[in-house]
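See below for the structure under consideration.
If you want it as structure tokens, here you go:
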């Protein structure tokens with residue numbers, strides 16, 4: 006099957022919102038008056054971002070999900086995306102499943118494929134996604150990394166550490182019961198981008214980022230861009246680990262035997278979480294709770310922003326913890 | 006060097022037109038009121054689109070050029086692009102040269118890098134480019150493949166076949182003098198996107214496409230989308246071969262010894278030409294000439310569009326030629 010047949014069979018659908026979709030030299034998008042276009046781009050490479058045997062349906066989902074997560078972090082409404090795909094061979098069963106996973110998520114977010122490219126080559130998936138952000142009274146409503154202020158509360162959505170738990174188990178570095186592994190793998194392979202929460206936080210959050218490299222690493226980007234510091238209550242972050250086995254008692258009962266240090270590592274530098282880490286002034290705490298409820302997304306306050314530069318970690322008793330979570334591999 | 010240092014060192018520059026560039030979850034573009042955004046995406050893979058030893062400066066140029074060529078074919082003014090890059094290793098000399106070639110062309114077209122991604126992996130370059138097309142009285146000014154009508158003239162810009170000549174010589178399938186090879190390689194490795202011509206043809210051309218797969222193949226897309234046929238004067242196309250050795254006399258003098266069939270193959274199915282193939286009603290012939298002059302781009306009429314479906318090829322005497330230029334490798 007040639008490139009054009011492949012595109013026609015698996016990746017061409019009637020456009021709904023775009024002026025022109027797949028099939029010409031360019032696609033055409035007409036942004037609504039008074040809006041800005043938010044644009045993000047992620048490239049996924051086999052062996053680096055996913056295993057060769059990853060279910061293609063989950064891969065189609067994840068390739069778009071990580072891009073939608075960037076739109077969510079900006080509070081942008083998804084509009085459209087382009088897909089460039091390098092394929093080592095034309096495997097129709099693989100392509101059909103990949104397209105199915107991709108379009109199921111695209112449809113759920115009303116985000117349409119408008120163009121792209123296919124070529125032979127080592128498996129590589131590059132998606133560029135387009136979203137819409139309103140401009141109100143000349144001010145962009147986009148959530149940026151640069152808007153956090155000292156005194157703001159720091160929040161995280163959903164759950165942390167599960168994707169990393171799955172990765173460590175799949176690499177044989179720890180043993181977890183099958184049911185826990187299945188749930189954690191689902192988080193790793195089919196993350197749910199927090200688009201609804203991002204939209205609900207417009208005008209409420211002062212800064213936001215999606216957690217792809219781990220809580221501590223991504224928080225660092227907010228600190229750098231906003232020129233503030235932060236204090237994180239580590240055990241509040243640990244409490245976000247989905248399997249709810251973060252305290253000693255349930256941890257034992259769950260069949261997962263990790264040190265306190267390892268639980269903290271999962272939460273603080275898990276990676277691949279695709280949750281929203283965001284800040285908001287204390288005066289907005291009720292609005293944050295309402296946004297969480299409206300978007301049906303759990304949100305937890307895990308710290309606050311400081312005028313003093315740098316990151317401070319506290320345990321449940323308010324004692325300072327050393328921050329070695331960026332440089333230390335506790336599973337090595 | 007990590008991903009963030011690499012982006013900071015080689016791929017971060019102050020934005021001029023975008024609201025927000027590299028460094029947040031999304032870039033922000035604010036299209037001018039009354040415009041549409043034209044979007045195109047091309048992925049270049051080592052071994053497929055370029056040789057491993059390709060000069061990285063030329064590669065940076067070409068990766069953007071093939072995308073700008075798509076904007077040109079739509080008559081879109083370049084605005085911005087994203088760059089996703091999978092690199093087998095971090096080679097600073099390579100990156101510096103790649104960035105130099107990329108930004109030299111970007112600056113020449115006032116097209117700025119606003120975001121992207123970098124990752125480890127087999128060398129892969131994926132650029133998504135954004136341009137602007139005005140909407141006048143509710144009608145998009147974009148040049149599309151679908152607008153050709155029976156009776157329209159068919160034109161090609163610039164030169165054809167040189168990139169293919171270089172490829173065949175580099176593969177050892179034919180021998181050409183060094184000076185000719187150098188000029189042809191330049192065309193293969195540093196194509197000049199016909200952006201100025203595309204802009205000048207808005208409101209004049211009825212359909213357009215850029216020639217990347219070869220004249221015959223790309224003309225086929227116009228025929229299919231416009232539901233018309235075409236007659237091509239083959240020797241007018243051959244006359245576009247840049248080295249001006251298309252007639253028997255100068256061909257001999259040039260030191261290139263090809264059969265008439267091979268010359269025709271170069272012109273008709275060369276590939277990698279990145280010229281504009283376009284149609285316009287005969288009433289616009291003076292306007293086409295003026296657009297060519299204004300954009301300092303040679304343009305040649307090579308045929309016309311017919312109501313009868315299909316493609317007909319004629320020689321200089323008006324005799325029909327068999328069309329075996331899509332399936333035949335005359336250099337094999």
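Protein chains in written order, with the numbering used here: chain X, 6 to 337; chain D, 6 to 337. Just so you know, even glycine gets a beta-carbon here, dropped at the ideal spot from N, CA and C.
- How is the alpha helix (DSSP H) around residue 173 of chain D delimited, first residue to last? 167-175
Close-in-space but distant-in-sequence residues of the same chain around residue 287 of chain X (CB under 8 Å, 5 per side omitted): 156, 157, 158
Positions along the region 146-180 of chain X whose CB lies within less than 9 Å of some CB in chain D
147, 148, 149, 150, 151
The beta strand (DSSP E) with residue 238 of chain X in it runs from where to where? 234-238
Residues of chain D with a CB under 7 Å from the CB of residue 129 of chain X: which are they? 91, 126, 129
Spatial distance of residue 32 of chain D from residue 135 of chain X (CA atoms): 10 Å
- Which residue's Cα is closest to the Cα of residue 2 of chain X: X:206, X:101, X:265, X:274? Past the edges of chain X, shown from 6 to 337, lies residue 2 of chain X, and the structure says nothing about it.
Margin query: Can you check whether the C-beta of residue 111 of chain D is within less than 9 Å of a C-beta belonging to chain X?
Written below: no
Review point. Is it the case that the CB of residue 297 of chain X approaches a heavy atom of the ligand SAM more closely than 8 Å?
Key: Among the components modelled here there is no ligand, and therefore nothing to report on the ligand SAM.
- Query: Since residue 213 of chain X sits in a beta bridge, which residues does DSSP pair it with?
  - Reply: X:283
Beta-carbon within less than 6 Å of residue 139 of chain X's beta-carbon, same chain only, minus the 5 sequence neighbours each way: which residues are those?
40, 146
Report the start-end ranges of each beta strand (DSSP E) in the region 273-327 of chain D that is 3 residues or longer and not cut off at the edges. 281-285, 304-311, 315-319
From residue 106 of chain D to residue 19 of chain D, what does the alpha carbon distance come to, in whole angstroms? 18 Å
Residues near residue 293 of chain D in its chain [Cβ-Cβ closer than 7 Å; skip 5 each side]:
160, 209, 285, 304
For residue 86 of chain D, which residues does DSSP report across the bridge? D:118, D:134
What three-state label does DSSP hand residue 27 of chain D in the structure shown?
coil
Quick one: what does DSSP say residue 103 of chain X is sitting in, helix, strand or coil? helix
With distance defined between alpha-carbon atoms, name the residue in D:89, D:269, D:266 nearest to residue 47 of chain D. D:89
In chain D, what lies closer than 7 Å to residue 121 of chain X by C-beta?
46
Environment of residue 338 of chain D [buried if 16+ CB atoms lie within 10 Å]: Shown here, chain D extends from 6 to 337; a query on residue 338 of chain D therefore has no answer.
Please report the straight-line C-alpha distance between residue 110 of chain D and residue 82 of chain D, rounded to a whole angstrom.
14 Å
Outcome for residue 253 of chain D when other beta-carbon atoms lying within 10 angstroms are tallied against a minimum of 16
Low per-residue confidence applies at residue 253 of chain D: pLDDT is 45, beneath 50, and the placement is therefore not dependable, though the value from the model is reported in the following sentence. Residue 253 of chain D should be labelled exposed.
inquiry  = residue 216 of chain X and residue 275 of chain X - do their beta-carbons sit closer together than 9 Å?
reply    = yes
_Short of 7 Å in beta carbon distance, which residues of its chain neighbour residue 21 of chain D, apart from the five on each side in sequence? Order them along the chain._
117
- Item | residue 123 of chain X (DSSP reduced to helix, strand or coil) | strand
>> Taking the alpha helix (DSSP H) that residue 10 of chain X belongs to, which residues open and close that run?
In response: 8-16
Practice prompt. Assign residue 10 of chain X to buried or exposed, taking buried as 16 or more other Cβ atoms, counted over all protein chains shown, within 10 Å of its Cβ.
Written response: exposed
ask   = So residue 44 of chain D is in the beta strand (DSSP E); what residue range does that whole segment cover?
value = 40-50
_is_contact[residue 307 of chain D, chain X] using C-beta, thresh 9 Å_ = no
Leaving out the 5 sequence neighbours to the left and right, which residues in its chain are closer than 7 Å to residue 23 of chain D when beta-carbon positions are compared? 32, 33, 34, 85, 117, 119
task = Classify residue 61 of chain D as helix, strand or coil using the three-state DSSP reduction.
result = helix
- Any idea what DSSP makes of residue 141 of chain D, helix, strand or coil? strand
For a contact meaning CB atoms closer than 9 Å, what does residue 138 of chain X contact in chain D? 31, 33
* So what's residue 161 of chain X in DSSP terms, helix, strand or just coil? -> strand
Can you pull the chain X residues whose beta carbon is under 9 Å from the beta carbon of residue 214 of chain D, in chain order? 29, 30
- Query: Does residue 135 of chain X get closer than 9 Å to chain D when you measure Cβ to Cβ?
  - Reply: yes
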